[in-house]
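Following the working numbering, the numbering of the sequence shown begins with 18 at its first residue and continues without gaps.
All C-beta atoms in this analysis are idealised placements derived from N, C-alpha and C, irrespective of residue type, glycine included.
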Amino acid sequence: MIRLKSYTLHNYKEIPQFDSISEEIIKDIEVVGHVLPFKTNNYVVDELIDWSNVETDAMFTLNFPRKEMLDKKHYYTIEQLIQQNADKSEIQKRANDIRLTLNPNPAGQEHNVPFLGEIKLKGVQHKYPETVLFFPSQGQTCHAYCTFCFRWPQFSGMSELKFAMKEADLLLKYLSIHKEVTDILFTGGDPMTMSASILESYIRPLFEPRFSHIRSIRIGTKSLAYWPYRFLTDNDSDDIIRLFEDVIKAGKNLSVQAHFNHPVELSTDAVKKAISRIRSTGAQIRTQSPLLKHINDKPELWSQMWRKQVDLGCIPYYMFIARDTGAKRYFEIPLEKCWQIFRRAYRQVSGLCRTVRGPSMSDHAGKIQVLGVQEIKGEKVFVLRFLQGRNPNWVDIPFFAEYDSKATWFNQLKPAFGEDKFFFEESKAKIQVTKPFLFE
Ligand SMILES: *Cc1c(COP(=O)(O)O)cnc(C)c1O
Ligand code: SF4
């Protein structure tokens, strides 16, 4: 039976495959690993990484810190401290300073935190009327850490930024009052790092009649990619499967929002078995991933991924644009290129794969899709639309931004045709005033 073994900065040299790894790569892990969170495990190491090709292997890059992920000056600062044998606390302090320059809490996660009377529900985010996000405090870790991840302050001990809640009670009270909510999305970190019994303590109460308005339970997880044995051979795997079956029996929809970044993550026996086991409960699996340089910036990788997903009975759902945080500069791709990659992949696949939407940016205002680049009466523009809007009335209205070949995020875009604001920008302020409870 296979057991999870984690590798971090303290023990990664025990990874057998490291016998043949260059000193340079090891040094970069040491230096950069002090700033970016670093954790991998035996499944990623033994079944996903191509060790004959670590210099460019996507799965290696996804988990292991590389030199170019930090600014030269930041790299140099930490390198110097290590060479001088500086105090652990000194290195830690400088690493924290560097982290704070990396936009640790992008696009206002701290916004949209709702209230229950006077009490601020810290582990809850309610941005779109129909869906509540919940960050259970026991799920604020993952089976391995992605080097691009914007949730990294949660893993690196910057606790005041931690975005979690201890009690299910407050969440349940909130949901019982808010009848407009149809979906609850458990997220993290990775909620599938929680034990079955903790997960059950959050989910089983939702079967009560007072939550009959909650139609869908969603679980956002990377565990199918990083630890598919979660659904197969962990001590409580069978309890997880039973819980999933019970959600369906309770008449609710269960959707696993699975995070897959690369086709290789869909290639092992373990992941295929895990997908099949989840699907046998009646749960659906929807897939999503950011688009990342050095990981998946080729249309063929996406068309392969979507096809494999459909083969395995999963539903392609979102392609995201990488957020402005952490090692963003290493992973970022200009918006126009994101769109080109999307459409080249999209046109290669059948309609069954075209349930996917993107490329999309999760901004304060909502999820903004880049529909494309077009020339309108001599002006080159981006055509955009909201897939999700802070105000539901904004959704699906095409709008235009000045073309910018370098832009990598919505905040760098200006309205097209000389307008001084986007159509939604006035009402954004208004809605915050009139609905502070929901949209704070
Ligand atoms: C994406 C997202 C959701 C879920 O949106 P769907 O389009 O329904 O999947 C909910 N809340 C926030 C803050 C989100 O970013
Ligand atoms: S699995 Fe998700 S939350 Fe965890 S490190 Fe990767 S992107 Fe971040």
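Sequence-distant Cβ neighbours of residue 209 in its own chain, meaning closer than 6 Å and more than five residues away, are 238, 240 and 247. Residue 97 sits in a helix when the DSSP states are folded into three classes. If the five residues before and after residue 297 are omitted, its C-beta is found closer than 6 Å to no C-beta atom of its own chain. Judged by their CB atoms, residue 415 and residue 400 are nearer to each other than the 8 Å cut-off. Burial state of residue 386 is buried, judged by a 10 Å Cβ sphere holding 16 or more other Cβ atoms. Selection 423, 100 and 167 evaluated against residue 44 yields 100 as nearest (Cα-Cα). Note on the region 313 to 348: whole alpha helix (DSSP H) runs with a minimum of 4 residues are 316 to 328 and 345 to 348, in chain order. Look at residue 156 here: in three-state DSSP terms it is helix. A Cβ-Cβ separation of about 5 Å places residue 206 in contact with residue 156 under the 8 Å criterion. The continuous beta strand (DSSP E) containing residue 418 extends over residues 416 to 419.
Put simply, the region 196 to 205 touches the region 223 to 233. At least three CB pairs are less than 8 Å apart.
Excluding its 5 nearest sequence neighbours in each direction, residue 86 has C-beta neighbours in its own chain below 7 Å: 49, 53, 164, 344 and 347, listed in chain order. Considering only 89, 88 and 66, the residue with the shortest C-alpha distance to residue 78 is 66. Inter-residue distance for residue 263 and residue 84 is about 47 Å (C-alpha atoms, whole angstroms). For the region 160 to 229, the full-length alpha helix (DSSP H) segments reaching 4 residues or more read 185 to 194 and 213 to 220 along the chain. Collapsing the DSSP output to three states places residue 114 in a helix. Burial state of residue 321 is buried, judged by a 10 Å Cβ sphere holding 16 or more other Cβ atoms. Looking at the backbone, the Cα of residue 259 and that of residue 89 are separated by about 50 Å. Taking the Cα of residue 425 as reference, the smallest distance to any Cα among 316, 308, 324 and 397 is reached at 308. For residue 148, the enclosing beta strand (DSSP E) has its first and last residue at 148 to 151. Annotation: the continuous alpha helix (DSSP H) that includes residue 77 extends over 75 to 80.
For residue 316, the closest alpha carbon among the candidates 287, 366 and 349 is that of 366. Buried is the label assigned to residue 143, since at least 16 other Cβ atoms lie within 10 Å of its Cβ. For residue 437, the three-state secondary structure derived from DSSP is coil. Counting along the chain, residue 35 sits inside no alpha helix (DSSP H), nor does DSSP assign it H or E at all.
Leaving aside the five residues that flank residue 299 on each side, the residues in its chain whose CB is nearer than 6 Å to its CB run, in chain order, 265.
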